[in-house]
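Here the working numbering is used: the sequence shown runs in plain steps of one and ends on residue 255.
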Amino acid sequence: MSTGTEAGTGTGPMVGLLPDADLPEGLAPLFEAVRAEYGFVPNILRALAHCPDLTSAFVPLWAEVYRSPTIGPRLRALAALGTATTQECTYCIAHMSASARRAGIGEMQIGAIGDAIAVAEVFDDGEALVLEVADALTRDPDGVTEDLRARLRARFSEAEIVNIVLAVGMYNLTSRFLKALEIGVEDVFGSSPPTPQSTAQEDTR
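Written as structure tokens, this is what we have:
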């Protein structure tokens, strides 16, 4: 697992990505559980491990948002990838594109995200609405207009709305954390993970 170059040098993450041998006391079992589920420990957690109490609180919340059955993996992946695309967060795009594929979202659909016209052509109304909310709320905390709220109410239950908005908020939190600290994508994703737009360009060749 890559931990990037030396922290704080301008060529790597702003903080060190703690290897297993340097984890604070009590975090090893949590990291092993994450590794057992995902196959690796994400770099975001290796950075967050500098604050073990925050890590221990963050991971269960993150997991509940990620696994919640209220909206299911497909809509959750769209909320996350839509947020990541608007944020232009390479790390998040790599992770959330993988989640989208696991949720059955095709390459052409992934490539459409970020293009409102293309989204309308390849997603159903509910999915397109989730992407619209993700983009609007990520661009502006006041971006959810009354019209958008009305369409959310007409399409989703209150529990679904809460879950959608919380997912967008959670992935805004993580993308800002990752970008501020310049945390790079893990080796498992390759050196240059594709963006949704580059995927779309490849599909048209």
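The C-beta atom is built at its ideal place from N, Cα and C for all residues, glycine as well.
- Counted as a single uninterrupted DSSP element, the alpha helix (DSSP H) harbouring T133 occupies residues G122 to Q137.
- No residue range can be given for A71, since it is assigned to no alpha helix (DSSP H) and is classified by DSSP as neither H nor E.
- Less than 8 Å separates the beta-carbon of I121 from that of I214.
- In chain order, I211 place their CB closer than 6 Å to the CB of L202, counting only its own chain and leaving out the 5 sequence neighbours on each side.
- For the set V235, L98 and G219, the Cα lying nearest the Cα of F81 is the one of L98.
- For M64, the three-state secondary structure derived from DSSP is coil.
- In chain order, V238 place their CB closer than 8 Å to the CB of G89, counting only its own chain and leaving out the 5 sequence neighbours on each side.
- If the five residues before and after T224 are omitted, its C-beta is found closer than 7 Å to the C-beta atoms of I94 and C142, all from its own chain and listed in chain order.
- Distance between A83 and P110, taken at the CA atoms: about 11 Å.
- In this structure, T133 lies near T188, with their beta-carbon atoms less than 8 Å apart.
- Counting along the chain, the unbroken alpha helix (DSSP H) around D175 starts and ends at D175 to R189.
- Looking from the CA of P123, the closest CA among D72, R151 and Q159 belongs to R151.
- By the beta-carbon neighbour count (other beta carbons within 10 angstroms, threshold 16), S147 is buried.
- A Cβ-Cβ distance of about 7 Å is found for the pair D70 and A78, placing them in contact under the 8 Å criterion.
- Taking a C-beta distance under 8 Å as the contact criterion, V194 and V180 do not qualify as a contact pair.
- With 16 or more other Cβ atoms from the protein chains shown falling within 10 Å of its own Cβ, M220 counts as buried.
- Rounded to the nearest whole angstrom, the C-alpha separation of A204 and Q159 is 24 Å.
- Counting only residues of its own chain and dropping the five nearest sequence neighbours on each side, E232 has a CB closer than 8 Å to the CB of G62, P63 and M64.
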